[in-house]
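In order, the protein sequences belong to chains A and B.
Position 30 of the first sequence, counted from 1, bears residue number 39 in this note's numbering, the numbering being contiguous throughout.
Position 32 of the second sequence, counted from 1, bears residue number 105 in this note's numbering, the numbering being contiguous throughout.
We treat Cβ as the ideally placed atom computed from N, Cα and C, and that holds for glycine.
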Amino acid sequence: MQPTAVRRSRAFLLGLGLVGALLLAHEPWRHSALAVVRFPFTFLRAAVRLVILLPRVPSLIEENARLRESLTERELEVSSAREALRQGQAAQALQAAWPQSGGHLASALARSPLPTQQTLLINRGQTHGIVEAGLVVDAQGVVGRVLETQASTALILLLTDPNSRIAALVERSRETGLLIGRGFAECQLTYLDLGADIQAGDRVLTAGLGGAVPKGLLLGTVTKVERLERAGATRATVKPAAALGRLEEVLCLPPAS
Amino acid sequence: MFTAGLVIASAAAAQALAAHAVGSAWWVPQLALIALIRRMNHTPRAWLPLSVIAAAALMVWSIRGAGAIVVVLIAIGGAWRAAMWYWDVADARLQAVAAGISAAMLVGVTATLDHAVSWPIVALIAWQAVWTAVAAIAWAAARPERA
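Right, here's the structure in full:
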């Protein structure tokens, strides 16, 4: 090699070294410089990993499918555990609302497809101690009464059924009347005098007349009052306190006497 | 006929479960009636047994007026059988109209027998008829009848 060429080569290497030292020594540039210098190594490493992994791809696919299956199973387990927890909480809320009732907890199964016949099928029956004419409640108030019992199911006549009749009283004024279902989400309080002391917002409770139904259980709230001058009577529309549209867990109370 | 009976009974059961899920039977179309009307097209001669099966499927849930339900369902079945002589009952629009009228008839009769007729109930019966007709069209679209 010619001495001039050697000198040029050394000068080039020296220059390169100086530039490199400058880049690595100066912090803002160091990061970028290292990224550029390290890039081939990163690429090489990825390529090596790919070569190592390639033979394992079929088994990895199988493993992935197994993991997905397992994940679905776990998700189902978590979902059912959540439902069990929700049921437990609902049961606790019911027991807290009716602490001395001695009732039986039941879950709603289905509802009558005939809209004017407002009934609910529950998953407890004679073998669980459910008796006919017993009152059924949820955490908010009265749901209805047990109409029929079979060995492991029972049919509940909801408050809103046209055949449902419960003696009721207005909490504030103690006016008494008969609460009749209307076939949809409302009930009607009838047999009130024309001058009956009742107004929208009044709470309506069970009157306990006849002995079968305990006194003082919340039935609903008055939403509308009609004074029928000709008939000399008052009629009130009552919205049931119980969430009759979304019943899941209910408590079946034994008849009062 | 066994399949037809199974379809009708399943439709009635699905209707009861849907009523529970939705919270009120007023918001669920009369699936058992739609099933009756559609299955009768396959086996027109079995209109009476199919009507009785549909009545029985609904009577499982009835707490009163069981006789009226049987009479209404047989009347619906008979009327649809008679309609087969005059019209093309495979037409989905005709099926929808029949399903709507049948729903109004069934619910109207039970409401009358229960002394529950009021303006809100009349409106709900009309709604039920329309909703059942729409469901019949949807059913026909999902499962068109073979020519």
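Sequence-distant partners of B:Ala108 (beyond 5 residues in either direction) whose C-beta falls short of 7 Å from its own C-beta, in its chain, are Val80, Ile81, Ala84.
Within its own chain, the residues whose Cβ lies closer than 6 Å to the Cβ of B:Val143, once the five positions on either side in sequence are excluded, are Ala128, listed in chain order. If you draw a straight line from the Cα of A:Leu69 to the Cα of A:Ala55, it is about 18 Å long.
The count of Cβ pairs closer than 8 Å, one atom from the segment 104-120 of chain B and one from the segment 151-167 of chain B, reaches three, so the stretches are in contact.
Contact with chain A is absent for B:Leu123, since none of that chain's Cβ atoms lies less than 9 Å from the residue's Cβ. DSSP places A:Pro122 outside both helix and strand once states are collapsed to three, so it counts as coil. Per DSSP, the unbroken alpha helix (DSSP H) holding B:Leu146 starts and ends at 139-159. In the three-state DSSP reduction, A:Leu256 falls in the coil class, being neither helix nor strand. For A:Leu188, not one C-beta of chain B is nearer than 9 Å to its own C-beta.
Only residues of its own chain outside the window of five on either side were considered, and among them Val179, Ser182, Glu184, Leu201, Val231, Val234, Thr243, Ala245 have a CB closer than 7 Å to the CB of A:Ile207, listed in chain order. Apart from sequence neighbours up to five positions away, the residues of its chain that approach B:Val95 with a beta-carbon distance below 7 Å are Val101, ordered along the chain. Chain-order list of chain B residues neighbouring A:Arg133: empty, with the shortest C-beta distance near 16 Å, by a criterion of under 8 Å. Assignment of A:Glu157 by DSSP, reduced to helix, strand and coil, places it in the strand class. According to the DSSP assignment, A:Leu43 belongs to the alpha helix (DSSP H) that extends over 36-62. For A:Leu237, the secondary structure class from DSSP, reduced to helix, strand or coil, is strand. In this chain, A:Leu103 is not harboured by any beta strand (DSSP E); it is covered by the alpha helix (DSSP H) spanning 66-106. In the structure shown, A:Leu203 adopts coil according to DSSP, grouped into three states.
If you look at A:Ile175, you'll find it isn't in any alpha helix (DSSP H); it sits in the beta strand (DSSP E) that goes 174-179. The C-beta distance from A:Gln135 to A:Gln159 rounds to 7 Å, short enough to meet the 8 Å contact threshold.
It is roughly 34 Å from the alpha-carbon of A:Pro64 to the alpha-carbon of A:Leu85. For A:Leu144, the enclosing beta strand (DSSP E) covers residues 144-146. Annotated as distal: A:Val87 and A:Leu262, with beta-carbon spacing of 9 Å or more.
In this structure, A:Leu144 places its C-beta atom within 9 Å of the C-beta atom of A:Val222.
Between A:Gln149 and A:Glu258, the C-beta spacing is not below 9 Å. Secondary structure at B:Ala163: coil, using DSSP grouped into helix, strand and coil.
A:Gly186 is classed as buried because its beta carbon has at least 16 other beta carbons within 10 Å across all chains shown.
Any Cβ of chain B closer than 9 Å to the Cβ of A:Ser121 would place that residue at the interface, and such an atom is present.
In this structure B:Val145 does not touch B:Val203 by the C-beta definition: roughly 19 Å separates them, more than the 8 Å allowed. Taking a beta-carbon distance threshold of 9 Å, B:Thr183 counts as an interface residue toward chain A.
A straight line joining the alpha-carbon of B:Trp212 with that of B:Gly78 spans about 17 Å.
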